[in-house]
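Taking our numbering, the leading residue of the sequence shown gets 53, the next gets one more, and so forth.
The C-beta atom is built at its ideal place from N, Cα and C for all residues, glycine as well.
Computed from a predicted structure; not experimentally measured.
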Amino acid sequence: MISVLAIVTSMTMVSCSGSGSGPGAQPSTASPVPPSTAAASSPPASPTPAGPAQLTGSQLAALLLTPDQFPAGFASSATAALDSGGSITTAAPLHDPQHLSCPQLVTDLWRPGFGETAMATNLVFNNATSESYSEAVYQFASSGLADVFYDDLSATWSSCRTIVADLTPTEVGRMAVLPATAPSGLGVQDFAVTMDGTEGRRLSQTVTVVREGVDVYLGAASRLGTKQPTDLSSAALLHELIGSVSESG
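Shown next, in the form of structure tokens:
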């Protein structure tokens with residue numbers, strides 16, 4: 053899974069290394085209709101609407117943002133990449149976003165098992181500036197299911213005001229959570245929150261969540277320390293990611 057632990061660990065590692073028939077039906081007295089006339093008198097059947105385009109986790113992973121789409125100095129984490137594989141997932145949900153605790157929003161959210169048909173996530177970071185960007189795409193079988201996942205995440209985030217979480221195996225961080233204004237024009241729904249490190253291993257982060265069609269996108273711009281990242285534009289990065297997935301769907 054990709055998490056706050058992955059953010060901290062990646063930076064540390066780099067720095068260190070039919071009807072009309074049947075009984076009772078009366079015989080028809082109407083003249084037979086020639087086959088060509090019968091065909092012409094019946095309107096053509098409407099085509100069955102196709103369902104939403106579905107990609108596999110491997111395909112979604114290939115569409116995630118890469119370091120060359122970031123400012124100079126960013127690299128992909130060798131350990132944080134995760135996707136649901138080369139087939140569409142049909143398993144029942146293992147996790148319910150409504151029942152995630154506040155710490156789990158930063159340690160356990162970025163993983164499969166929320167009823168999606170496919171997902172992919174990755175982390176891009178800059179060790180020199182202590183900045184990173186976590187990205188994820190969750191794809192669902194319908195826009196209605198994506199909407200439920202989005203709404204549940206929004207409600208859970210809204211319930212948290214302080215998060216205390218294990219940021220490394222030996223370090224705990226405390227973060228104040230505040231609602232933020234999400235970039236406009238990214239999808240049919242979006243919300244954002246900021247987390248500001250206040251104690252322990254400090255991490256400052258802005259998380260943006262966007263729903264567009266059957267997909268829910270997560271972007272988290274982070275920086276170790278008490279200041280929000282300055283080199284990362286969630287609006288621009290999410291716009292690129294959503295465009296990439298939409299064009300391939």
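Asked, Found
"Where the beta strand (DSSP E) through Phe177 begins and ends", "Ala170 to Asn178"
"Nonlocal neighbours in the same chain, by C-beta distance under 6 Å from Leu270, ignoring five residues either side", "Ala188 and Val261"
"Cβ-Cβ distance between Ser136 and Thr108 below 9 Å", "yes"
"Gly237 (DSSP reduced to helix, strand or coil)", "coil"
"Three-state class that DSSP yields for Val245 in the structure shown", "strand"
"Per-residue burial, Ser194 [other beta carbons within 10 Å of its own, 16 or more giving buried]", "exposed"
"Paired residues, beta bridge with Thr278 - DSSP", "Answer is none; Thr278 lacks a bridge partner."
"Length of the line joining the Cα atoms of Gly125 and Asp148", "37 Å"
"Backbone CA spacing between Thr141 and Leu197 [nearest angstrom]", "14 Å"
"Per DSSP, the bridge partner or partners of Tyr185", "Val176 and Ala273"
"Inter-residue CB distance, Leu117 and Glu292 (contact presumed, cutoff 8 Å)", "6 Å"
"For Thr214: DSSP bridge partner residues", "Ala228"
"Distance, Val200 Cα to Ser186 Cα", "22 Å"
"Where the beta strand (DSSP E) containing Thr142 begins and where it ends", "That residue, Thr142, is in no beta strand (DSSP E); it is neither H nor E in DSSP."
"Option nearest Gly165 by Cα separation, candidates Asn179, Ser184, Asn178 and Gln191", "Gln191"
"Residue from Ala272, Ile294 and Val297 whose Cα sits closest to the Cα of Ser285", "Ala272"
"Status (buried if at least 16 other CB within 10 Å, exposed otherwise) for Leu146", "exposed"
"CB contact flag (Thr250, Ala232, <9 Å)", "no"
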